[in-house]
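For reference, the structure discussed in these notes is given below.
Residue numbers (my numbering), protein chains in the order written: chain A, 1 to 214; chain B, 215 to 428.
The structure is reproduced here in structure tokens:
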């Protein structure tokens, strides 16, 4: 039953909100809160009550009338639904200033994400350590990825190199990519790409500011 | 008429795709391509032809039957629609490894974005330069923001400090924030917040990988 519930396809909008819900629930738990009503939780999240309850019902997470949701139960349910109740080995590709910042990021552990590989092409960087991980040459990707069980790769290289890197990751067996380079990557069917485009976000922000503030 | 077209409210989904279209058109222009059919452009972008034409029709950008779209005309139309045909002074708040990477990012100029201010609270960082911009103490934000005309701020501080920083930016008159800290910010009406949550993106990617690859 758990397997079925986990693999059920969630609306992408719902999925996009789950990490935010999870973060708020963690904070409530750390603050010693045991139960929370959907109304109060929705208010704290700045979302609609009906939307929150609908999102949670996709995960078969239901509150109890008059008692609300158990905070820990809800947090664990979302963690399980996201698939974060097991370890996710992660590669960072590109060891420039962005890649280094991403490799040093301290928040992975609470999501069960572990940086197990870092790649670059610069001989001056290969062999150095970022935290406890040694930087490998990208040509070593098939071996390093197999050895460390990498399942997700973060692409933090210049735009001109991003497609090449994506191809190398896919060839090495990685089927889920988070791409920071502002280019659309071409990948085979079955490979998932999510785009983190700082420049695009700033362009959208500029537009929204004009619309909102004139 | 241009003012009206620019302030027209676009569907958020359309808006989210415009930077990607713009990037592809820039690339085509640099490759010496003068005109492109919607079918060919859609194919290169990996989107549907009908969706592309619908998105562009919101901007009143129309192709000519049998000739397609003028690449430069389309690129300039999207740039204008986004509001990037004028300069956008930008502040980076937080000068840790992520903030430094963001301050050093070289892609801003082609979007008419200019980093004019960098803030931190660490006395060891205040006064230093990142590229040509001197790091200021966050307490100096009202003065520095007024002097350099900052309109957008990027928040790259630890989660525990993000709300405090957002409050300081809003007090200093900045009404558009791009937040890298994985917390939901509370802001007054009229202030726009976009979230860049690396951790959330990786959680979503992990879930999609389970759904897709089992």
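Backbone N, C-alpha and C fix where the C-beta goes; we use that ideal spot for every residue, glycine too.
Contact under 7 Å by Cβ, residue 154/A with residue 102/A:
yes
Which residues of the stretch 195 to 209 of chain A have a Cβ closer than 9 Å to any Cβ of chain B? Give them in chain order.
195, 196, 197, 198, 199, 200, 201, 202, 203, 204, 205, 206, 207, 208, 209
Of all the CB atoms in chain A, is at least one closer than 7 Å to the CB of residue 248/B?
no
Output, in chain order, the set of chain A residues within a Cβ distance shorter than 9 Å of residue 426/B.
175, 176, 190, 191, 192
So, residue 303/B versus residue 363/B, is the Cβ gap smaller than 7 Å?
yes
For residue 230/B, go through chain A and note every residue whose CB falls closer than 8 Å to its CB, in chain order.
200, 204
Cα-Cα separation between residue 397/B and residue 116/A, rounded to whole angstroms
26 Å
Host alpha helix (DSSP H) of residue 422/B (start-end)
412 to 427
Taking DSSP as the reference, what is the three-state secondary structure of residue 396/B?
coil
Tell me which residues share the same chain as residue 283/B and place their Cβ nearer than 6 Å to its Cβ, disregarding the 5 neighbours each side in the sequence.
250, 277
Counting only Cβ pairs nearer than 7 Å, list the residues of chain A close to residue 252/B.
Those do not exist, as residue 252/B stays about 16 Å from chain A at its closest Cβ, beyond 7 Å.
Report the rounded CA-to-CA distance for residue 147/A versus residue 96/A, giving the unit in angstroms.
24 Å
Status (buried if at least 16 other CB within 10 Å, exposed otherwise) for residue 2/A:
Residue placement at residue 2/A is poorly supported in this model, since its pLDDT is 41, which falls under 50; the coordinates still yield a value, given next. Burial call: exposed.
8 Å contact criterion, which residue 335/B and residue 306/B should meet: CB distance rounded
The Cβ separation is near 14 Å, so there is no contact.
Sequence-distant residues of the same chain with beta carbon closer than 8 Å to residue 22/A, five excluded per side:
75, 78, 79, 82
Whole-Å CB distance - residue 410/B paired with residue 198/A, under 8 Å assumed
7 Å
The alpha helix (DSSP H) spanning residue 91/A covers which residue range?
That residue, residue 91/A, is in no alpha helix (DSSP H); its beta strand (DSSP E) goes 88 to 93.
Any chance you could list the beta strand (DSSP E) runs of at least 3 consecutive residues sitting entirely within the stretch 278 to 360 of chain B, in chain order?
302 to 307, 327 to 334, 347 to 351
Would you tell me roughly how many angstroms separate the C-alpha atoms of residue 213/A and residue 231/B, rounded to the nearest one?
22 Å
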